[in-house]
Amino acid sequence: MRVGLASIGSRAQKAAGVTINKQELVESLAAFAQHNVDQRLLETRADNSGATLDWLEEKVLKPNGAHLRAEADAMVTNKAYQAFPTENDPTFDGQSFTSYGDWFLEYQEKHGVDLRFETIKTSPSPVR
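Next comes the structure, spelled out in structure tokens:
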């Protein structure tokens, strides 16, 4: 599990005063991919990422004494690359990072989620 989790509009970001222009971010990501991307996927991620991290914080982090801290500085921005302050970090103390992978797996097991890794994608049978 990653430590820094990207979102737009999480509760942690709102509390830290972090605002991100969703359309600018989506356009920047699409341009970075030379527009060889289904922009609807980027928009879906942008529209739902804040609520997704709010869920993670409520259901997985807080029951284990942790919370999210928004990183207010994108840190890397230059003429060739525009960065956005999308990072949210799981933490106990607001300064250090904590891992939450085991908690996430425990939550899924408790709620009957069947995780599958390294599955083989099969093509549908041809229509005859």
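Be aware that the sequence shown starts at 18, since it is given in the working numbering, and climbs by one per residue. Here a beta-carbon is modelled for each residue, glycine too, at the ideal position from N, C-alpha and C.
| Check | Outcome |
| --- | --- |
| What residues are listed by DSSP as bridge partners for R57? | According to DSSP, which records beta bridges pairwise, R57 is partnered with nothing at all. |
| Note down, one range per segment and in chain order, each alpha helix (DSSP H) of at least 4 residues found wholly within the stretch 63-145. | 118-127 |
| With three or more C-beta pairs closer than 8 Å as the rule, is the stretch 125-143 touching the stretch 86-102? | no |
| Which residues in the same chain as T115 place their Cβ atom closer than 7 Å to its Cβ, once the five residues preceding and following it in sequence are excluded? | A83, P107, T108, F109 |
| Verify whether the separation of the beta carbon atoms of L42 and A68 is less than 8 Å. | no |
| On the CB-based measure, 16 or more other CB atoms within 10 Å of its CB, does Q125 come out buried or exposed? | exposed |
| With DSSP as the reference, identify every bridge partner of A4, one or two as the case may be. | Outside the displayed span of the chain (18 to 145) sits residue 4, for which this structure offers no information. |
| Apply the 10 Å Cβ neighbour rule to E104 and answer buried if 16 or more other Cβ atoms are within range, or exposed otherwise. | buried |
| Got a sec, what are the start and stop residues for the alpha helix (DSSP H) S24 sits in? | Unbroken run through S24: none, as it is neither H nor E. |
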